[in-house]
Structures are given as C-alpha cells and as structure tokens.
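Here the numbering used here is used: the first residue of the sequence shown is 410, the next is one more, and so on. For every residue, glycine included, the Cβ atom is placed at its ideal position computed from N, Cα and C.
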Amino acid sequence: MKKSNFKQVITKILLTVIGVAFFAGLSGQAFAEEKISVAVAANFISAFKDMGADFEAKTKIKVEGTFSSSGNLYSQITNGAPYDLLLSADEERPAKLNKDGLADNPFIYARGQAILWSANKEFCKAKTWQDALKNEQIKKLAIANTQTAPYGTAAQKALEKAGMWTDVQSKLVVAQSIAQSFQYASTESVDAGFCALSATASPEGKKGCFYVLNEAPEIIQSACILKRTTNRAAAEKFAEYLRSPAAQEIKVKYGYR
Numbered sequence: 410m411k412k413s414n415f416k417q418v419i420t421k422i423l424l425t426v427i428g429v430a431f432f433a434g435l436s437g438q439a440f441a442e443e444k445i446s447v448a449v450a451a452n453f454i455s456a457f458k459d460m461g462a463d464f465e466a467k468t469k470i471k472v473e474g475t476f477s478s479s480g481n482l483y484s485q486i487t488n489g490a491p492y493d494l495l496l497s498a499d500e501e502r503p504a505k506l507n508k509d510g511l512a513d514n515p516f517i518y519a520r521g522q523a524i525l526w527s528a529n530k531e532f533c534k535a536k537t538w539q540d541a542l543k544n545e546q547i548k549k550l551a552i553a554n555t556q557t558a559p560y561g562t563a564a565q566k567a568l569e570k571a572g573m574w575t576d577v578q579s580k581l582v583v584a585q586s587i588a589q590s591f592q593y594a595s596t597e598s599v600d601a602g603f604c605a606l607s608a609t610a611s612p613e614g615k616k617g618c619f620y621v622l623n624e625a626p627e628i629i630q631s632a633c634i635l636k637r638t639t640n641r642a643a644a645e646k647f648a649e650y651l652r653s654p655a656a657q658e659i660k661v662k663y664g665y666r
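In structure tokens, the structure reads:
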C-alpha cells in the first residue's frame with residue numbers, strides 16, 4: 410500500500426471513530442434528558458405510579474419518584490436534593506420554596522381527605538368514628554407525624570375538634586408518613602390508623618373499613634417545579650399533565666378531587 414493511501418485509510422478510520430463517539434455522546438445526552446425525578450408525598454404513591462406510567466407511555470419521558478412525608482422531602486430539597494419537581498401534601502411547603510427562590514410558582518394538583526381505617530370490620534360498627542375510638546378494646550392508633558405529614562396534622566385537628574386529642578395520646582403510634590400509618594393498620598400492628606382516603610382504593614384498603622374524618626380540613630396538595638431542575642422542558646410537560654383530564658381520571662380513582 411502506498412504511503413499516501415495508508416494515510417487516507419488511517420484518517421478515515423479516525424474520523425469514523427470520532428463520529429461514532431460524538432453521536433453516541435449525543436444519544437446518551439438525549440436519553441439522560443428524557444427523565445425527571447419527582448419528590449412525592451407518601452399519600453400519593455399509588456396515583457403517582459399510575460400517572461407516571463401513563464405519562465411515560467404518551468411522552469417517552471421516564472418519571473422516577475421518591476416517596477416520603479412532605480416535611481422530609483422539603484428538608485431534602487432545602488439541603489440540595491436534585492429533584493425536578495415536588496408534589497407535596499400541603500400548600501405551605503411549595504409556597505415557601507417559591508418564596509425562598511428555590512421553586513417556580515406552585516399549583517394545586519389534588520385535594521385529599523383524611524380517614525380513620527381499620528383492618529377489623531367490627532371496628533366500624535360504631536355510629537361515628539368518635540364512638541369507635543371510645544371502645545376500650547382499642548389500644549393502639551397509628552398517626553403520621555403531625556410535624557412533617559400534612560395528613561397527620563389533619564387527623565390531629567379532627568381529634569382536637571372532637572375533644573379527643575388528649576385522651577388518645579397514650580394510644581398513638583407515630584408513623585413517619587401517611588403510607589407507613591396505613592401499613593401499621595393494614596398489618597394489624599395497631600387497631601386502627603389515621604390514613605388518606607386514597608388508601609381505600611388499594612387491594613389491602615378494600616379489605617378493611619373506614620370513617621371519613623369530616624372534622625378534618627380538606628387537604629389541598631400543591632406541586633412546584635424546582636429551580637435546579639436539569640430538564641425543565643420535561644418537568645413542565647409533567648406539570649401540565651398533572652392538570653390534564655387523563656390525570657384527573659386517575660386522581661378520582663384514588664379518592665382525590
């Protein structure tokens with residue numbers, strides 16, 4: 410092979426390798442951009458998973474959720490956690506993130522309801538939830554942390570309004586989130602638990618019985634896009650999806666408005 414031809418072959422090989430590496434890099438970058446990380450309040454786990462699957466099927470954007478109490482998620486975000494959005498179980502925390510320059514303007518994505526649930530259907534034979542709690546056989550009650558979980562706060566307000574908050578103190582088993590409160594109740598680690606209405610849509614939830622806590626305030630749940638998002642376009646698409654008819658249909662399925 411002549412020297413000039415050899416140089417041409419080597420040059421072509423190098424250009425091919427560089428080209429493949431370049432386009433592979435672009436492909437990898439594009440793939441990375443089609444994914445968002447969402448911090449999700451524990452009460453919304455089931456609805457979020459259904460929405461995430463529907464959204465991904467429609468947009469090819471992968472949605473990854475991290476689930477905990479709203480207070481814990483807020484703390485993670487203020488300490489630099491790399492989420493793209495927050496779906497809180499209250500209005501206060503998204504509003505504070507916005508005020509502190511960490512998030513865009515919040516918007517309401519769901520309205521929830523606190524309940525008192527038990528795996529033992531005998532529990533619900535009492536006329537009211539207040540009467541059910543007066544049963545001397547009720548020894549343990551699960552409640553989500555009232556400082557970090559909005560549904561726990563709502564349950565506390567219902568108990569205070571009923572004049573029973575002080576009376577039940579010795580029976581309370583504090584859970585880290587509303588999901589854990591339901592877990593305690595569904596596994597019968599406690600006699601009953603203050604939970605979210607959405608829990609009744611699950612297979613385990615359908616096996617038990619519950620009272621709606623009409624004395625508890627409606628739980629208005631807000632979401633926000635975080636300023637540190639690395640994929641704003643995808644985050645905005647998901648925020649838009651949360652307010653769509655398709656998302657609303659899923660919310661209703663799980664007891665939200």
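Which partner residues does Phe619 have in the DSSP bridge list?
Start at 1 with the first residue of the sequence shown, and residue 619 comes out as number 210. Paired residue(s): Trp526.
Straight-line Cα distance separating Glu501 from Asp509
Locating residue 509 in the sequence shown gives position 100, where the first residue counts as 1. Locating residue 501 in the sequence shown gives position 92, where the first residue counts as 1. Cα to Cα, Asp509 sits roughly 12 Å from Glu501.
Whole runs of the alpha helix (DSSP H) within the region 558 to 643, excluding any shorter than 4 residues
559 to 570, 587 to 595
Taking all protein chains shown into account, decide if Asp576 is buried (16 or more other Cβ within 10 angstroms of its Cβ) or exposed.
Residue 576 sits at position 167 when you count from the first residue of the sequence shown. So Asp576 ends up on the exposed side.
Once you ignore the five residues that flank Ser590 on each side, which residues in its own chain have a CB closer than 7 Å to its CB?
Taking the sequence shown and counting its residues from 1, the one referred to as residue 590 is at position 181. Closer than 7 Å at the Cβ level, and outside the excluded window around Ser590, lie Ala551, Ile552, Ala553, Ala584, Gly602, Phe603, Cys604.
Residue burial classification, Ala433 (beta-carbon count within 10 angstroms, cutoff 16):
Translated into the one-based positions of the sequence shown, residue 433 becomes position 24. Here the model assigns Ala433 a pLDDT of 47, short of 50, so the residue's position is not dependable and the matter cannot be decided.
If we ignore side chains and look at the alpha-carbon of each, how far apart do Lys615 and Tyr663 end up?
The count along the sequence shown starts at 1 and reaches residue 615 at position 206. The count along the sequence shown starts at 1 and reaches residue 663 at position 254. Rounded to whole angstroms, Lys615 to Tyr663 spans 12 Å at the Cα level.
Residue from Asn623, Tyr593, Ala632 with nearest C-alpha to Glu613:
Counted from its first residue, the sequence shown places residue 613 at position 204. That would be Tyr593, whose Cα lies nearest to the Cα of Glu613.
Neighbourhood of Lys566 by C-beta distance below 7 Å, restricted to the same chain and skipping five residues each side
Stepping through the sequence shown from its first residue, residue 566 is reached at position 157. Cβ neighbours of Lys566 beyond the five flanking positions: Ala625, Pro626.
In terms of residues, what are the limits of the alpha helix (DSSP H) holding Arg502?
Along the sequence shown, one-based indexing puts residue 502 at 93. It spans 501 to 508 - the alpha helix (DSSP H) in which Arg502 sits, taken as one unbroken run.
By Cβ distance below 6 Å, which residues in the same chain neighbour Ile470 in space, the five residues on each side in sequence not counted?
Locating residue 470 in the sequence shown gives position 61, counting from the first residue. Answer for Ile470: Glu443, Ala643, listed in chain order.
Compute the distance between the beta-carbons of Pro515 and Ile628, then report whether it is under 7 Å.
By one-based count along the sequence shown, residue 515 stands at place 106. By one-based count along the sequence shown, residue 628 stands at place 219. Contact: no.
One question on the structure: do Gln522 and Leu606 come within less than 7 Å of each other, judged by their Cβ atoms?
Along the sequence shown, read from residue 1 onward, the residue named residue 522 stands at position 113. Along the sequence shown, read from residue 1 onward, the residue named residue 606 stands at position 197. Taking 7 Å as the Cβ cut-off, Gln522 and Leu606 qualify as a contacting pair.
So, using beta-carbon positions, are Thr557 and Gly461 closer together than 7 Å?
Taking the sequence shown and counting its residues from 1, the one referred to as residue 557 is at position 148. Taking the sequence shown and counting its residues from 1, the one referred to as residue 461 is at position 52. The answer is no: Cβ separation not under 7 Å.
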